[in-house]
Structures are given as structure tokens and as C-alpha cells.
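Residue numbers (the working numbering): 22 to 370. Before any comments, here is the structure.
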Ligand code: HEM
């Protein structure tokens, strides 16, 4: 599409200054510390997200399946064609990171449904099935340990101790994180569970997953090393020039006994223990926002939030959902704060 379209009319966008608003709560101070630790790890790149800094926006639609409405009464899950905006991203907080760089994984997929009349709802997922820790407090310790390890001079001992005490963090760090061949060929996990409520008021817990239409093999090491820095956005552009790209929005249902409050524990989705899954619907991407400068400008104005929900979908008691909602809001405020300075990176965007 030639202009920003649905993506350009960002309805959740409220410019905020860091030094406005009520005094910081205890939680906000902790979240500020998390953001400081992320800045310490990746450096400051004004205007860009502190993590998942490099991304690309595409637009299209979502159509719910016939069964989605049995699980949730949410307006976008009743079968009408809903406009969507998708932001694919690399994990790193460095906006110029090469798509083959090891810090580019996991990849992100943020999905916005435009429900009309100003109503929006988001899903924020990444390409790793799980998370290093289950609580915001543990994540703060983890981020501080990483920041200490990458500082000059670095101190890796804090991270070593943390990992020794937290098996899920070790699992996360040790797991292979192969580079996808295409953003549209990867699988993305919502990680945190939500409560889905249908028209009869029946609640069920589940986790989102977004599957490619056809799973594609990841790059091998040689292909990854040789891959051009922007191959993923280029790939998306050329795929969409050739025609629409579809992905499937899945819901992995919790089984009795599953802990819906801890995203660091993944639930099997293949093999004999695989949880029941429901195909919620199909995402059809049709356009990359063009030109490139407009794509980047709109990315900067948008902020996606795992807590931006509508009737029929509620947060579970997973503490990460509320924490992430507030942290992303604060991160957005920081990237628009008055201490923002133009840099080479920002000017190039
Ligand atoms: C307490 C845990 C977490 C913290 C502190 C955190 C922090 C952040 C921050 C600060 C941003 C930038 C937001 C912005 O400026 O708009 C971000 C973006 C993002 N995070 Fe997280 N995150 C956490 C957990 C997760 C989890 C569990 C996932 C995956 C399910 C995830 C996936 C993403 C993605 C995909 C983005 C990019 C969103 C976009 O495209 O705008 N994060 N995160």
C-alpha cells in the first residue's frame, strides 16, 4: 500500500513525556530499572524500541474460523474480516542489527486488530516457545546480570550464578535459535496464557501461537553467515509483491493441571502430550507499508501491548501480562521523551 493506511491511524497513540504523570509506584521503579538494564545492554538509540528495535510493518486482514466464536465472544473472533497491522522484528535493541546476527533471535510478531470506532486489540508474540523466567522480579535480575556481563569491563559471574539457580533461563540461553528463512515462514508463541470467555460465560485458558501457512526450514550456519543484513524485510516485500501471505492464528488450550501463570514453562504442541489446539483464524498479509521511511515512521508511532484486550479475552493471573503492559507503555514514553536526541541511526530512518 502506498500510504500508512490502518497502521497510520494509530488510535492507541498518546504522546507521553517521561517527566509527566503521577509519581512512580514501586512497580514502576522496578520497570524503569528493567528499561535501564536493557539500555545498558543494547545502548541508546533514540526513537527506537529498546528491544525489538528493527522491524517492518505489513498490513492485511484477519478472518476468524467457525470455531473461534465458540471459545470467545471477542468481536474480532466472530468471522467478520478485520483489518490488521503486523510488525515483524528482530530481538536486538540495536536498530542496525543484521538479520543474520545471533542477537536478532528470537524474532517478534506483534499483531494489531482494528475493530473499528477506535477499538483495537493486540497480540505480542516471539519465535521462542517460552521465556527465561516466570516473574517480572526474576526478569529484572536476569536483565541486570546480562547488563553486567556485557559492560566494560564485564562481570559474567552474576549471570552464571543466576543461570545456575534458574533452569528455565539456562534452557533459554542454551536453546538453538536458528534464523528463519522468512518472517512469514517462522512460528511465533504468545507465551503468556489468557482467559477466553464465550457468549455463555464459559472460561477457558489458552496461549496464542502463530503458524506459517507452510513451515519453512531455517537457515543453516553458512546461509546465515552469508545472508544480507536486511534479507527478512526484503523477503517480505518480494513475497507480498507476488501475492498475499497467510499465517494461522492458533490457540493452545491449557489442560487440567497446567500452570497458566508461568510463561517460562512451555506446553507440548507436538507428540503424545500435545495440548488440544483450536485454529482461531487466518491472517492474510497483503502489503508492506511503503515507502521504507514511512514504514519506519509509523513503527515509531505505534506501540503494541499484550494488555490491550477486548471483552471476551482477559489476562490470566500470569504476572508478566500486567507487567509487560505497563513496561511497554513506559518504554514507548521513553522513546518519545524530551531527552530524545537525533542520532545517525534515527536520521537514517
Ligand atoms: C517481563 C518480561 C518482558 C519485558 C520486560 C519486555 C520488554 C519489552 C520492551 C521494553 C519492549 C519495547 C516496547 C516498545 O518500545 O514499544 C518489548 C517489545 C517486544 N517484546 Fe517484550 N518484554 C518482555 C516479555 C516478552 C515476551 C514474553 C514476549 C513474547 C511473547 C515479548 C515479545 C516482544 C516483542 C515481539 C516486542 C516488539 C513489539 C513491537 O513490535 O512493537 N516480550 N518488550
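Glycine residues also receive a C-beta, built at the ideal position from the N, C-alpha and C atoms.
With a threshold of 16 other beta carbon atoms within 10 Å, residue 126 meets it and is buried. A straight-line Cα-Cα distance of about 14 Å links residue 162 and residue 188. For residue 187, DSSP records no beta bridge to any residue.
Taking the Cβ atoms as the reference, residue 154 lies roughly 5 Å from residue 285, within the contact range of under 8 Å.
The C-beta distance from residue 72 to residue 83 rounds to 26 Å, too long to meet the 8 Å contact threshold. In the structure shown, residue 178 adopts helical secondary structure according to DSSP, grouped into three states. Not a single heavy atom of the ligand HEM lies less than 8 Å from the C-beta of residue 245.
Nearest neighbour of residue 51 by Cα position, chosen from 141, 165, 105, turns out to be 165. According to the DSSP secondary-structure assignment, residue 276 is paired through a beta bridge with no residue. DSSP places residue 211 in no beta strand (DSSP E); its state is neither H nor E. For residue 127, the secondary structure class from DSSP, reduced to helix, strand or coil, is coil. With a minimum length of 4 residues, the unbroken runs of alpha helix (DSSP H) contained wholly in the stretch 295-356 fall at 313-322, 340-356. Going by DSSP, residue 167 is part of the alpha helix (DSSP H) stretching over 157-171. Residue 82 carries a strand assignment under DSSP once its states are collapsed to helix, strand and coil.
For residue 110, the enclosing beta strand (DSSP E) starts and ends at 102-110. In chain order, 121, 200 place their CB closer than 7 Å to the CB of residue 245, counting only its own chain and leaving out the 5 sequence neighbours on each side. In its chain, beyond the 5 residues on either side, 203 have a beta carbon closer than 6 Å to the beta carbon of residue 256. Where residue 204 is concerned, there is no enclosing alpha helix (DSSP H), because DSSP gives it neither an H nor an E.
DSSP places residue 217 in the strand class (E or B) of the three-state scheme.
A straight line joining the alpha-carbon of residue 145 with that of residue 228 spans about 11 Å. DSSP places residue 227 inside the beta strand (DSSP E), whose first and last residues are 224-233. Each residue's CA atom was taken as its position, placing residue 235 and residue 181 some 38 Å apart.
The nearest non-hydrogen atom of the ligand HEM is less than 8 Å from the C-beta of residue 348.
Under the three-state reduction of DSSP output, residue 240 falls in the coil class, being neither helix nor strand. Judged by DSSP in its simplified three-state form, residue 62 adopts helix. In the three-state reduction of the DSSP assignment, residue 266 falls in the strand class, which pools E and B.
The beta carbon of residue 251 is closer than 7 Å to those of 120 in its chain, skipping five residues each way along the sequence. Out of 86, 112, 107, the CA that lies nearest to the CA of residue 308 is found in 107. Within a 10 Å sphere around the beta-carbon of residue 344 sit 16 or more other beta-carbons, which makes this residue buried. Using a Cβ distance threshold of 9 Å, residue 60 and residue 114 count as a contacting pair.
Annotation for residue 94: 218, 219, 220, 332, 333 place their beta carbon closer than 8 Å to its own, counting only its chain and skipping 5 residues before and after. For residue 89, the enclosing alpha helix (DSSP H) starts and ends at 89-92.
In the three-state scheme derived from DSSP, where H, G and I count as helix and E and B as strand, residue 133 is classed as strand. With a threshold of 16 other beta carbon atoms within 10 Å, residue 223 falls short and is exposed. Put simply, the stretch 296-315 touches the stretch 263-271. At least three CB pairs are less than 8 Å apart. Looking at the DSSP output, residue 77 shares a beta bridge with 109.
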